[in-house]
Amino acid sequence: MLGDNPASPIWRAERGGIVPGPIIAVVGDANAQRTFSPPMKDPAMAKLAARELGRELARKGARLLVYGGPFIESDVVTGFVEGKPAEDRSILMWYTRNQEPPPFAEEATNPKLFDRRLEKGEDWEVAFYRALTRADGVILIGGSNATMISGQVAIGAQMPILALKEFGGGAARVWETLSAGEDLPNRAEIDLMGHPWRKDDSAAACVAALFAQLRRRQLKATAPGPLTAILSGLLFAAALAIVPFIWGGNALAVWMLFVAPLLAGSAGASIRPMVDRLRGTPGVTVSILGALVLGLVAGGMAGVLFVTAQLTADPTLTGAQLIPYAQRSIPFAVAVGFIAGLTSDAVFGKLLGLEAVATRGMPGVEAQRR
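Numbering-wise, the sequence shown is residues 13 to 382 according to the numbering used here.
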């Protein structure tokens, strides 16, 4: 998984050398002489925001993808060069031969930072939109139709996106179409894009949100396949079956005590995406099969810990007392399994943290035994 700083050893150590940082495309315009819809707000501040974002991207080890010309890219490039990027050829310019953009002012003083590349075709749109599909993320500020189209391309491709609403233009129109739970940005990140720009911390917060989206996208892309999920679920169920078979004497009530939280956990995990969507704070998206297996394992583990807690609290639960205990405890096991599946991220977080298992029985069960 990516580190917070792609320029860090976490990003670079994979093959023992320097791995280039993510490519962030920049699209937009803040020309005070143009008419935008919705109207451009504070073009001077928009240019300052672009420059600050450029500096922050350079510090984070990212690369820029720009087309050129007197647009918002020029301000981002200025800030990027000021941020002193560590790698040469970290500002990518892809364009068609008949539509070669004029050089940036920084190309004269820092030529090693720029990488110009010719694309096929004659119209500027050919290189422009084709290059977007090769980016790892996109930043939109102001702009008009091209900015709006670029944003929709990014949304459709589940690409990390930063569309600043504050400055109006096409970027604001893109922001209005973002939907937490359906698109890659979550509710907090969409809200951040709509906040007024603050000189002290907005750039760092926005770039952090962009990289958080990139991490989520990579996690989704590297998620295990269905065969792995099925095998994991079967192995866990087989391991769990040993407990009622040996400890419970193969009694039906004891089997149900362990099967119930498995099924309830899968149900809880299946419902979780709907709950997340209603709240507007989705986690990492997984397949339906993956969610079922995660819920099954979380519910099963919670059931085991639940039963273990009761046995630790009352070691006499053996023999003839075992069947009545199992029958009384099944409703509790269902509830525990469902909650574990619904909150499977928290369950696995605790297990990975090696937190101590509680050894006190549930009050309701203890009261029944008394």
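Here a beta-carbon is modelled for each residue, glycine too, at the ideal position from N, C-alpha and C. This structure is a prediction, so every number in the text was calculated from the model and none was measured.
Next item on the list: Can you have a look at Leu247 and say buried or exposed, based on whether 16 or more other CB atoms are within 10 angstroms of its CB?
Entry: Around the beta-carbon of Leu247, fewer than 16 other beta-carbon atoms lie within 10 Å, marking it exposed.
Checklist line | Residues that DSSP places opposite Glu201 in a beta bridge | finding: Bridge partners of Glu201: none, in fact.
Next item on the list: Find out if the Cβ-Cβ distance for the pair Pro256, Trp267 is shorter than 8 Å.
Entry: Taking 8 Å as the Cβ cut-off, Pro256 and Trp267 qualify as a contacting pair.
Note to self: I'd like to know if the region 81–94 and the region 106–123 are in contact, where contact means that at least 3 CB-CB pairs between them fall below 8 Å.
What the structure shows: Contact between the region 81–94 and the region 106–123 is present, because at least three Cβ pairs lie under 8 Å.
Checklist line | DSSP beta-bridge partners of Ile161 | finding: Assignment of beta-bridge partners to Ile161 by DSSP yields no partner.
Check: Given Ala37, which residues of its chain have a CB within under 6 Å of its CB, disregarding the five upstream and five downstream residues?
Finding: These residues qualify, in order along the chain: Leu77, Leu144, Ala147, Val150.
Check: Would Arg372 be called buried (16 or more neighbouring beta carbons within 10 Å of its own) or exposed?
Finding: Confidence in Arg372 is poor, its pLDDT being 42 and thus under 50, which makes the residue's placement unreliable; the coordinate value appears in the next sentence. Per the 10 Å Cβ criterion, exposed.
Check: What are the boundary residues of the beta strand (DSSP E) that Trp383 is part of?
Finding: Any answer about residue 383 is impossible in this case: the structure gives the chain only from 13 up to 382.
Next item on the list: Can you have a look at Gln164 and say buried or exposed, based on whether 16 or more other CB atoms are within 10 angstroms of its CB?
Entry: That one is exposed.
Check: Taking the alpha-carbon positions, what's the Pro18 to Gly33 distance?
Finding: Any reading at Pro18 needs caution, since the residue's pLDDT is 41, under 50, leaving its predicted position unreliable; the model's value is listed next. Whole-angstrom Cα-Cα distance: 6 Å.
Checklist line | Environment of Val287 [buried if 16+ CB atoms lie within 10 Å] | finding: Exposed is the call here.
Item checked: Contact the region 345–353 vs the region 310–329: 3+ CB pairs below 8 Å -> Contact annotation: the region 345–353 touches the region 310–329, with at least three C-beta pairs closer than 8 Å.
Notebook entry, point to check: Excluding sequence positions up to five away, which residues of its chain have a Cβ less than 6 Å from the Cβ of Ala224?
Noted result: Shown here for Ala224: not one same chain residue has a beta carbon closer than 6 Å to its own, the five before and five after excluded.
Next item on the list: Taking all protein chains shown into account, decide if Pro327 is buried (16 or more other Cβ within 10 angstroms of its Cβ) or exposed.
Entry: It counts as exposed.
Check: Whose C-beta lies closer than 6 Å to the C-beta of Ala62 among residues of the same chain, with five residues either side of it excluded?
Finding: Cβ neighbours of Ala62 within its own chain (closer than 6 Å, five residues either side excluded): Ile84, Asp87, Val88, Ile153.
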